[in-house]
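Reading through the structure tokens given below for one structure.
Numbering (the working numbering), first residue to last: 3 to 195.
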């Protein structure tokens with residue numbers, strides 16, 4: 003089993019709380035090793051706009067240089083995730099640290115913005131399926147009461163979903179999808195009279 007890369011500081015969380023950097027990580031996870039030109043192509047962004055973000059991810063050691071290759075008389079750097087899969091990158095939350103809390107809010111906000119963008123774009127895709135066993139477009143929110151056993155099962159299912167959705171592109175996997183989830187305890191509010 004791979005050693006988990008723990009993100010524990012507000013600086014590290016800040017690094018991944020930028021939407022562009024989250025998209026870069028998504029791209030490396032989905033497509034595997036990529037040059038900046040390939041990442042830019044997958045994201046539909048100019049390559050020049052990505053160098054700053056790549057440097058930030060390198061400095062935080064969330065990604066690394068895989069190789070430097072000579073392509074048409076120039077050197078091209080290929081990047082990969084620091085771990086074999088992004089599921090090996092875990093964030094540990096120290097909720098007593100106000101900087102970590104602020105960074106986590108920023109990170110989650112960026113995730114939700116990307117999720118809204120992805121979902122909105124999927125609403126007009128001809129490949130979107132909204133019914134049946136091959137459904138690939140869902141949105142849901144549930145507030146519920148859970149037992150400790152339920153929480154354990156939810157965590158096991160989320161872990162399994164993370165395993166399924168963090169595999170790089172492979173033969174037969176021809177549907178690019180995104181999955182965002184948040185599990186959060188909620189204060190039960192007393193009814194006002």
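Note that the Cβ used here is the ideal one computed from N, Cα and C, for glycine as well.
If you check the beta carbons only, do residue i and residue j fall under 7 Å apart?
i          : j           : result
residue 38 : residue 49  : yes
residue 15 : residue 109 : yes
residue 17 : residue 58  : yes
Since residue i is in the beta strand (DSSP E), which residue starts that stretch and which ends it?
i          : result
residue 81 : 76-83
residue 72 : 65-73
Could you give the first and the last residue of the continuous alpha helix (DSSP H) run that contains residue i?
i           : result
residue 108 : 100-124
residue 154 : 150-167
residue 21  : 21-33
Nearest chain B C-beta to residue i closer than 7 Å, yes or no?
i          : result
residue 39 : Given the protein chain composition of this structure (a single chain), no chain B is represented.
Could you name the residues of the same chain whose beta carbon sits closer than 6 Å to that of residue i, not counting the 5 residues immediately before and after it, in chain order?
i           : result
residue 77  : 70
residue 47  : none
residue 96  : 102
residue 189 : none
Excluding the 5 residues preceding and the 5 following residue i in the sequence, name in chain order all residues of the same chain whose CB lies nearer than 7 Å to its CB.
i           : result
residue 112 : 19, 20, 21 and 24
residue 88  : Interpretation of residue 88 is limited by its pLDDT of 48, a score under 50 that renders its predicted location unreliable; the figure taken from the coordinates is listed afterwards. The answer, listed in chain order, is 27, 31 and 168.
residue 170 : 31, 32, 33 and 34
task = Evaluate the contact criterion for the stretch 16-33 versus the stretch 71-83: three or more CB pairs, one atom per stretch, below 8 Å.
result = yes
ask   = Are the stretch 143-154 and the stretch 123-130 touching, with three or more C-beta to C-beta distances below 8 Å?
value = no
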